[in-house]
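Notes follow once the structure below has been shown.
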Amino acid sequence: MIKLEHITQTYVSPDGTAFDALKDVSIHIRSGEIFGIIGRSGAGKSTLVRCINLLNRPTSGSVIVDGQDLTKLSDDNLRKVRRSIGMIFQHFNLLSSRTVYDNIALPLELTGTPKDQIREKITPLIHLVGLDEHANKYPSQLSGGQKQRVGIARALANDPKVLLSDEATSALDPETTVATLELLKRINQELGVTIVMITHEMNVVKQICGRVVVMNKGEIVEEGDVIDIFARP
Ligand code: ADP
Ligand code: ADP
């Protein structure tokens with residue numbers, strides 16, 4: 001479903017020195033799986049995942065989602081494809097001046113969806129993430145776990161096939177992390193959403209991921225089923 005092929009990302013600093021954040025990286029992600037990308041800070045995980053929705057345009061290589069090479073699409077078509085790819089973040093990226101409801105509704109407002117259709121769509125999503133009683137609160141009135149559930153609901157507003165998670169539990173305490181991962185598992189199983197998950201936390205990988213790649217200095221140094229990679233003596 002997602003094929004990143006021969007991705008290279010070169011950053012050139014103002015003094016002209018070039019740095020390869022990704023060096024000929026290829027990954028294939030299957031429909032319906034929870035795929036983990038792990039490795040130390042600076043390994044290139046975010047850069048790689050941001051290629052999947054072209055939030056980051058690779059220096060070379062192809063990004064194939066559902067058979068289409070996104071690097072070859074017009075801006076208009078790319079915008080449409082991006083809607084089928086939701087994203088959640090470490091620091092939630094909510095708008096503080098909007099309520100829970102209005103944060104979740106934002107992606108639909110941006111596509112010009114009529115108000116009554118937005119309500120029809122958002123109400124079950126708020127229920128799915130367990131925030132029925134908090135719909136009219138502002139982000140500052142919520143706990144970290146609640147804020148991330150707003151982020152998750154917002155990412156699902158456009159019915160994405162894929163959810164990208166960039167260290168989504170790194171700012172949460174262990175208990176909230178477990179609950180958030182349970183929610184992501186349900187979303188994967190009940191809605192059939194493919195999840196691509198960046199993390200540096202081993203317990204997260206073990207709780208939720210199927211296949212994983214381990215990155216180091218812009219390269220994949222290991223890949224396989226999480227059980228095979230981490231159950232070795
Ligand atoms: P990770 O997600 O594994 O922490 P990143 O993908 O964020 O790694 O970063 C990989 C490397 O690329 C790091 O050394 C980082 O400093 C560098 N990098 C990331 N984004 C940029 C950028 N926009 N310009 C220059 N260097 C960058
Ligand atoms: P986060 O930890 O939330 O992923 P980062 O601090 O890694 O955030 O990166 C924030 C932004 O800065 C990203 O868009 C990333 O591409 C960019 N960035 C990261 N490292 C560098 C760098 N060395 N030079 C320029 N931009 C960078």
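Read in full-length UniProt numbering, the sequence shown has 24 at position 24, and its numbers run on one by one without any break.
The beta-carbon is built from N, C-alpha and C at its ideal position, and this holds for glycine as well.
Keep in mind that this is a model prediction, so the values were computed, not measured.
#### Entry: Separation of His6 from Thr59, as counted between CA atoms
10 Å
#### Entry: Supposed contact pair Ser165 and Met197 - C-beta distance, whole angstroms, cut 8 Å
5 Å
### Message
At a threshold of 6 Å, does Thr169 count as lining ligand 1 (C-beta to nearest heavy atom)?
### Response
no
### Query
Going by C-alpha distance, which of Lys115, Gln117, Asn103, Leu156 is nearest Val125?
The question names Val, but residue 125 in the sequence shown is Leu. For the residues Lys115, Gln117, Asn103, Leu156, the minimum Cα distance to Leu125 belongs to Leu156.
### For Lys161, three-class secondary structure by DSSP
coil
### Task
Could you tell me the boundaries of the beta strand (DSSP E) in which residue 259 lies?
The displayed coordinates of the chain run from 1 to 233. Any statement about residue 259 would go beyond what the structure contains.
### Query
For the alpha helix (DSSP H) that Tyr101 lies in, which residues bound it at each end?
100-110
### Task
Kindly list the residues whose CB is nearer than 8 Å to the CB of Asp228, restricted to its own chain and excluding five residues on each side of it in sequence; keep chain order.
none
#### Entry: Assumed close pair Pro107, Arg154 - CB separation to whole angstroms, cut-off 8 Å
6 Å
#### Entry: Extent of the continuous beta strand (DSSP E) to which Gly36 belongs
34-38
### Straight-line Cα distance separating Arg98 from Arg119
16 Å
### Query
Which residues, in chain order, sit with a beta-carbon under 6 Å away from any heavy atom of ligand 1?
Tyr11, Ala21, Gly39, Ser41, Gly42, Ala43, Gly44, Lys45, Ser46, Thr47
### Task
Look at Arg211 and Phe35 and say whether their C-beta atoms are less than 7 Å apart.
yes
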